[in-house]
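Written below as structure tokens is the structure these notes are about.
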Amino acid sequence: DFRPAERVTSIAVSEIVRITARAQGMKKEGLDVIILGAGEPDFDTPDNIKEGAWAAIKAGQTKYTALDGTVELKKAIAAKFKRDNGLDYALDEITVSTGAKQVIFNAIMATVNPGDEVIIPTPYWTSYSDIVQIAGGVPVLVPCLEANGFRLTPEDLEAAITPKTRWLMLNSPSNPTGAAYTAGHYRPILDVLLRHPHVWLMVDDMYEHILYDGLEFVTPAQLEPRLKDRTLTMNGVSKAYAMTGWRIGYAGGPKALIKAMAVVQGQATSCPSSVGQAAAVEALNGPQDIVLERCKSFEKRRDLVVEGLNAIPGIVCPKPEGAFYTFASCAGLIGKKTPDGKVIETDRDFASYLLESVHVALVPGAAFGLSPYFRISYATSEAELKEALARMAKACAALV
Ligand code: PLP
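Just so we're aligned: the sequence shown equals residues 10 to 409 in UniProt numbering.
Listed below in structure tokens is the structure:
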């Protein structure tokens, strides 16, 4: 009999993956399903980046590379950190992995012992807690309510810290809420961390370039140099350059941590893909105007979705500051009945109802640790978004 290891049985299959698979199955059956589930830009990888990869293939860059990134890519990353964030990282303070997801995995596996605690502001990107659990760590979920813009308060952080706390994980702009931290939001949180030198800070800046309303992006190591020697500043090319399939993520951090992360990577994947790394060099060193252009297009879609959702009675959608998600409340619809007489008891019920009745796939807030909400990924065409909103309005109007 197959017997999975305990570290696997404690983890559920990602709800996002499950819902997307179900929606794709329905599509295959011929149903016209609109999928607003996956966190993936609908744009193509820019041509200059593809050409960079092609040139690398032709030049024979098709072999194993240095364990945690080629010198060329590390130099491009160092230049990016300097250019965009005013941060100085030496090449041995930089790591490259198979997606930012592996950066997180390496960091947690390299530092968290069984029983160690990791503070995760909630709602959170689902992988954070699962990765901590794989390592035998304890995710400490701290609710961040809509009333505070889904941001962590310094008081809640202070109360969550114990002698066992190893990390605080922060993500701005956030998946799933789109909430962003300005310098003013970060300051009191960083002050708490200054008082607790045993707590390290993992910052997920994946959505750095998808920030709206003229807000200026900031990252903690830049704001508080006294925390830099216990901060891991993570980023990647997946979202900014529509490169999800190339699987390249990176981070800057203290040398000893970067070295320990390389030990994990060395036994997992040996190195990131050589061709993906060459493409990432072009992404970071090449022209950056497309990043801004795409951000503007995401901003237009955000406005469309926020307005459309707020026009539906029972749904309240705060305006996200970045990323390409809305996180709206469906509290006003809980307790209502579907035309089939089924009561919508939870956000999961609501998501299933939308999928089955009007073929719109989205992810319930429960998957991210906060209910009753739902996440829409609006990295899809305006035409599809408009159609999805019209269908949702119809489905919600049918509830009694
Ligand atoms: N961090 C956040 C907040 C994300 O939303 C994602 C992807 O959805 C990642 C990290 C991982 O990105 P990748 O592994 O593609 O670099």
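From the three backbone atoms N, C-alpha and C, an ideal C-beta is built for every residue, glycine too.
Original post:
How would you label N157, buried or exposed, when you count the other beta carbons within 10 angstroms and need 16 or more for buried?
Top reply: Residue numbering aside, residue 157 sits at position 148 when the sequence shown is read from its first letter. Exposed is the call here.
Original post:
So which residues touch the region around the ligand PLP, with touch meaning a C-beta under 6 Å from any heavy atom?
Top reply: Summarising the contact set, residues whose Cβ lies nearer than 6 Å to any heavy atom of the ligand PLP are, in chain order, G48, G108, A109, K110, W134, N180, N184, D213, M215, G245, S247, T253, G258.
**OP:** My understanding is that A87 touches C280, with C-beta atoms under 8 Å, so please give their C-beta distance in whole angstroms.
**Re:** Residue 87 sits at position 78 when you count from the first residue of the sequence shown. Residue 280 sits at position 271 when you count from the first residue of the sequence shown. Actually they do not touch by this definition, with Cβ atoms about 18 Å apart.
Original post:
Considering only residues of the segment 182–232, which uninterrupted beta strand (DSSP E) runs meet the minimum length of 3 residues and lie entirely inside it, listed in chain order?
Top reply: Segments of the beta strand (DSSP E) lying fully in the segment 182–232: 209–213.
Original post:
DSSP three-state call for V246: helix, strand or coil?
Top reply: Your numbering for residue 246 matches position 237 in the sequence shown. Looking at V246 - three-state DSSP - the assignment turns out to be coil, as it is neither helix nor strand.
Original post:
What residues in its chain sit with their C-beta under 7 Å from that of E49, if we drop five residues either side in the sequence?
Top reply: In the sequence shown, the residue the question calls residue 49 occupies position 40. So the list reads T253, A388, once near-sequence residues are dropped.
Original post:
Under three-state DSSP, which class holds T162?
Top reply: Mapped onto the sequence shown, residue 162 falls at position 153. Assigned with DSSP and collapsed to three states, T162 falls in coil, not helix or strand.
Subject >> W134 - DSSP class collapsed to helix/strand/coil >> reply: Translated into positions along the sequence shown, residue 134 becomes position 125. Residue state, collapsed to three classes: coil.
Original post:
Under the DSSP definition of a beta bridge, which residues are partnered with P172?
Top reply: Reading the sequence shown from its first residue, position 163 is the one you call residue 172. Per DSSP, P172 has no beta bridge partner at all.
Original post:
Which class does M178 belong to by DSSP, given the choice of helix, strand or coil?
Top reply: The residue labelled residue 178 in the question sits at position 169 within the sequence shown. M178 falls in the strand class under three-state DSSP.
Original post:
With 16 other CB atoms within 10 Å as the buried threshold, where does R204 fall?
Top reply: One-based indexing of the sequence shown puts residue 204 at position 195. Exposed, because fewer than 16 other Cβ atoms sit within 10 Å of the Cβ of R204.
Subject >> Residue burial classification, K89 (beta-carbon count within 10 angstroms, cutoff 16) >> reply: Walking along the sequence shown from the start, residue 89 turns up at place 80. Burial call: buried.
Subject >> Close beta carbons around P327, own chain, < 7 Å, minus the five adjacent residues each side >> reply: Here residue 327 is taken as the residue at index 318 of the sequence shown, counted from 1. Cβ within range, chain order: E155.
Subject >> Cβ-Cβ separation, V284 to T71 (assumed contact under 8 Å), whole Å >> reply: Here residue 71 is taken as the residue at index 62 of the sequence shown, counted from 1. Here residue 284 is taken as the residue at index 275 of the sequence shown, counted from 1. At roughly 7 Å, the Cβ-Cβ gap stays under 8 Å, so T71 and V284 are in contact.
Subject >> Counted within 10 angstroms of its Cβ, other Cβ atoms place N94 as buried (16 or more) or exposed >> reply: The residue labelled residue 94 in the question sits at position 85 within the sequence shown. With 16 or more other Cβ atoms within 10 Å, it is buried.
**OP:** Report buried or exposed for E38, applying the criterion of at least 16 other Cβ atoms within 10 angstroms of its Cβ.
**Re:** Stepping through the sequence shown from its first residue, residue 38 is reached at position 29. By the neighbour-count rule (16 or more Cβ atoms within 10 Å), E38 is not buried but exposed.
Original post:
Taking the alpha-carbon positions, what's the P263 to A230 distance?
Top reply: The count along the sequence shown starts at 1 and reaches residue 263 at position 254. The count along the sequence shown starts at 1 and reaches residue 230 at position 221. For P263 and A230, the distance between alpha carbons rounds to 11 Å.
**OP:** Measure the C-alpha to C-alpha separation of T186 and H194 and round it to an integer number of angstroms.
**Re:** Locating residue 186 in the sequence shown gives position 177, where the first residue counts as 1. Locating residue 194 in the sequence shown gives position 185, where the first residue counts as 1. Whole-angstrom Cα-Cα distance: 16 Å.
Original post:
Based on the DSSP secondary-structure assignment, which residues constitute the bridge partners of L150?
Top reply: Along the sequence shown, one-based indexing puts residue 150 at 141. Answer is I129, bridged to L150.
**OP:** Could you name the residues that DSSP lists as bridge partners for P373?
**Re:** In the sequence shown, counting from the first residue as 1, residue 373 sits at position 364. For P373, DSSP records a beta bridge to F383.
Original post:
In whole angstroms, what separates the C-alpha of L199 from that of L236?
Top reply: The sequence position of residue 199 within the sequence shown is 190, counting from 1. The sequence position of residue 236 within the sequence shown is 227, counting from 1. Straight-line Cα distance between these residues: approximately 8 Å.
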